[in-house]
Ligand code: AVJ
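Numbering (the numbering used here), first residue to last: 1 to 332.
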């Protein structure tokens, strides 16, 4: 048997991308740009250029979440393997699975690891990481699910033993409070009595530190923010000029979340041909493009509890910038 066929057997990939994905951008634009307070959901940032800019953000000195989460993972991967005894790792929004390798290493070393289940919208990411990881970890099977974690959680295969469902990076912060709890409840349906949710959350801290993380000196985040307009230009045949919009990032102390906005520098009338619509911005008018919630332990515990989850282990860095938590679904 050639090594190629050995790897091929170790890999299963299923795709659930359909016309629904494109409809969601059109629907979100129709819905979000006709409101009195204009808004677009952050998931549309991530075309190829947006993903590249996000990777650059993760390397910025001001953007502490990525490196801090990785450091916590490195410090506690062994403990996580011990606590969970997981035979499989399900990862929501797996991307390049860079941080995941730290976990896979410790589960592999503990001798329990059998399967990795990445779920991501980017087909190439799922296929590439399936190929790489089956080669890196002998005996590992990868069951990749190409889909949107907001729509396709029900496509995650039934578990084969104790599992970790990982939702890393602090992406839970992109959900406003109501849908955050709804989404956590959906995640809870993936957890049996032996399973854990491993979630990364950014923590409340000095607003200056937070605002710098979303408004870096090199302007990478500003470019990432404006890139969503280029997505509209390409996908919906719109005619936005990114130079007409200023990047705004501010910490909302009441809601404890970062907001990113695009503020019109002058009156802007944009045409979105594919939707047969015109959008008008007054000078100074803002479009909200992202919220990124920051957590206190109390609030996180409350959100998890509202989803029927028990926060069992709190793992953080010495400066308390970021937290990884392990939560369980008590017997239902
Ligand atoms: C990928 C959602 C975790 O909120 O920090 C980074 C996205 N936006 N800089 C975040 C982001 C601006 C990031 N998440």
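All C-beta atoms, glycine included, are put in the ideal place defined by N, C-alpha and C.
For clarity, every value in this text was computed on a predicted model and none was experimentally measured.
Asked	Found
Cβ of residue 201 within 7 Å of any heavy atom in the ligand AVJ?	no
Below 7 Å CB to CB, which residues in the same chain sit around residue 98 once its five sequence neighbours on both sides are set aside?	none
Report yes if the C-beta of residue 125 is less than 7 Å from at least one heavy atom of the ligand AVJ; otherwise report no.	no
Any idea if residue 215 is buried or exposed, counting beta-carbon neighbours within 10 angstroms, 16 or more meaning buried?	buried
Considering only residues of the stretch 259-293, which uninterrupted beta strand (DSSP E) runs meet the minimum length of 3 residues and lie entirely inside it, listed in chain order?	268-272, 277-281 and 286-293
Grab me the residues of residue 242's own chain with a C-beta within less than 6 Å of its C-beta, minus the 5 sequence neighbours each way, in chain order.	226 and 229
Comparing C-alpha positions only, which one of 174, 83, 318 and 196 sits nearest to residue 255?	174
My assumption, with CB atoms under 8 Å, is that residue 275 sits in contact with residue 30. Please give the rounded CB distance.	6 Å
Relative to the C-alpha of residue 15, which candidate in 83, 76 and 144 has its C-alpha closest?	144
What is the DSSP secondary structure of residue 31, counted as helix, strand or coil?	helix
Rank 272, 319, 103 and 44 by C-alpha distance to the C-alpha of residue 122 and give the top, closest one.	44
Hey, is the stretch 154-163 in contact with the stretch 87-107, meaning 3+ C-beta pairs nearer than 8 Å?	yes
Given that a residue counts as buried once 16 or more other Cβ atoms are within 10 Å of its Cβ, and exposed if not, what is residue 109?	exposed
Quick check: what's the CA-CA separation for residue 210 versus residue 189?	33 Å
Between residue 236 and the rest of its own chain, which residues show a CB-CB distance below 8 Å, the 5 nearest in sequence each way excluded?	25, 26, 29, 272, 273, 274 and 275
Return the bridge partner residues of residue 196 from the DSSP annotation.	164
To the nearest angstrom, how far is the alpha carbon of residue 259 from that of residue 248?	8 Å
If we ignore side chains and look at the alpha-carbon of each, how far apart do residue 41 and residue 10 end up?	36 Å
What number of angstroms, rounded off, separates the C-alpha of residue 115 from the C-alpha of residue 140?	6 Å
Which residue from 268, 304, 156 and 112 puts its Cα closest to that of residue 137?	112
Any idea which residues DSSP pairs residue 108 with across the strands?	DSSP, once it has assigned bridges, lists no residue as partnering residue 108.
Return helix, strand or coil for residue 173, following the three-state DSSP convention.	helix
Please state whether the Cβ-Cβ distance between residue 355 and residue 53 is less than 8 Å.	Outside the displayed range of the chain (1 to 332) lies residue 355, so it cannot be described from this structure.
Is the stretch 276-296 touching the stretch 166-184 in the sense that three or more CB pairs, one from each, lie closer than 8 Å?	yes
When you compare only the Cα positions, how much space is there between residue 74 and residue 132?	20 Å
Can you list, in chain order, the residues of its chain with a C-beta nearer than 8 Å to that of residue 219? Leave out the 5 residues immediately preceding and following it.	247
For the beta strand (DSSP E) that residue 14 lies in, which residues bound it at each end?	11-15
Throw me the rounded Cβ distance for the residue 261 and residue 280 pair, which I believe falls under 8 Å.	Residue 261 to residue 280, Cβ: 17 Å. No contact.
In chain order, what residues of the same chain lie with their CB nearer than 6 Å to the CB of residue 193, ignoring the 5 residues before and after it?	331
In its own chain, which residues sit with a C-beta less than 6 Å from the C-beta of residue 32, not counting the 5 before and 5 after it?	39 and 40
For a minimum of 3 consecutive residues, which ranges assigned as the beta strand (DSSP E) are wholly contained in the stretch 72-107?	88-92
According to DSSP, is residue 248 part of a helix, a strand, or is it coil?	strand
By DSSP, does residue 38 sit in helix, in strand, or in coil?	strand
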